[in-house]
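Trainee: I'd like to ask some things about the structure below.
Chains as they are written, first to last, in this note's numbering: chain V, 1 to 109; chain B, 1 to 115.
Now the structure itself:
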């Protein structure tokens, strides 16, 4: 089955860019998502990219997809304290998603 | 903005008891899902449901689990005889039919604690 890996922790200073990385194993995955989870809250979809795209930009968020290396990244420009949360990479089809373990982003003042 | 809701937010139960977790998906959505997240671990797919039947299920979704859409609005997950290892956050999700709207919208989760 699909395996999705993320680093567990990332700390950045307010105003800097954050880059959260994700690798996956199933090259047939069609949809690649980034979800945000704040403490005690549910999963909020941030953005997604289809497998036939290389890049998607949405305001402060940029998603890069390297299909050859099966590597997905989420860049958050001008990171704010409100961006502190756990970020999950999720990969798969519309029918079923496999989640990574999540990256805890801490934004330092 | 429409959202997926789940009740209760926290459920505490004794081992061996039955629990029913409730979800109200977004009203025009047709596909429904349950996921769980054991504390500190990954979010894991449990089951998907479409047209009043299970579409896919994972190895976790054994005979102790069942899902139901008892009416036009609710989607429930039942665990017949809870075990300690069922303690987790359970997320419901729904998505609209087809097209580019394939994102799954998640509810806030129900934290299940089995004692």
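Here a beta-carbon is modelled for each residue, glycine too, at the ideal position from N, C-alpha and C.
None of these values were measured; they are calculated from a predicted model.
To the nearest angstrom, how far is it from the Cα of residue 30 of chain V to the Cα of residue 67 of chain V?
Mentor: 11 Å
Trainee: Could you tell me the distance, in whole angstroms, from the CA atom of residue 22 of chain B to the CA atom of residue 11 of chain V?
Mentor: 36 Å
Trainee: Going by Cα to Cα distance, which pick from B:67, B:50, B:60 and B:64 is closest to residue 28 of chain B?
Mentor: When only C-alpha atoms are compared, the closest one is B:50.
Trainee: For residue 12 of chain B, which residues of its own chain have a beta-carbon under 7 Å away from its beta-carbon, when the five flanking residues on both sides are left out?
Mentor: The residues are 113 and 115.
Trainee: What is the residue span of the beta strand (DSSP E) that residue 110 of chain B lies within?
Mentor: 110-114
Trainee: Evaluate residue 88 of chain B with the Cβ neighbour count: other Cβ atoms within 10 Å of its Cβ, from every protein chain shown; 16 or more gives buried, anything less gives exposed.
Mentor: buried
Trainee: Just to confirm the assignment, what range does the beta strand (DSSP E) spanning residue 23 of chain V have?
Mentor: 18-24
Trainee: Does residue 6 of chain V come out as helix, strand or coil in the three-state DSSP assignment?
Mentor: strand
Trainee: Answer with yes or no whether the minimum CB distance from residue 25 of chain V to chain B is below 8 Å.
Mentor: Taking Cβ atoms only, chain B never reaches closer than 8 Å to residue 25 of chain V, which makes this a no.
Trainee: In this structure, does DSSP put residue 81 of chain V in helix, strand or coil?
Mentor: helix
Trainee: Could you check which residue in B:66, B:54, B:62 and B:85 has the C-alpha nearest to that of residue 30 of chain B?
Mentor: B:54
Trainee: Output needed in chain order: residues of the segment 19-53 of chain B with a Cβ under 9 Å from some Cβ in chain D.
Mentor: No chain D is part of this structure, whose protein chains are labelled V and B.
Trainee: Under three-state DSSP, which class holds residue 84 of chain B?
Mentor: helix
Trainee: Taking 8 Å as the CB-CB cut-off, is residue 103 of chain V touching chain B?
Mentor: no
Trainee: Would you say residue 104 of chain B faces chain V, with C-beta separation under 8 Å as the test?
Mentor: Output row for residue 104 of chain B: interface = yes.
Trainee: Which same chain residues, not among the five before or five after residue 16 of chain V, have their C-beta less than 7 Å away from its C-beta?
Mentor: For residue 16 of chain V, where only same-chain residues beyond five positions count, the Cβ hits under 7 Å are 79.
Trainee: Please report the straight-line C-alpha distance between residue 48 of chain B and residue 103 of chain V, rounded to a whole angstrom.
Mentor: Going from the Cα of residue 48 of chain B to the Cα of residue 103 of chain V covers about 26 Å.
Trainee: To the nearest angstrom, how far is the alpha carbon of residue 53 of chain V from that of residue 90 of chain B?
Mentor: 32 Å
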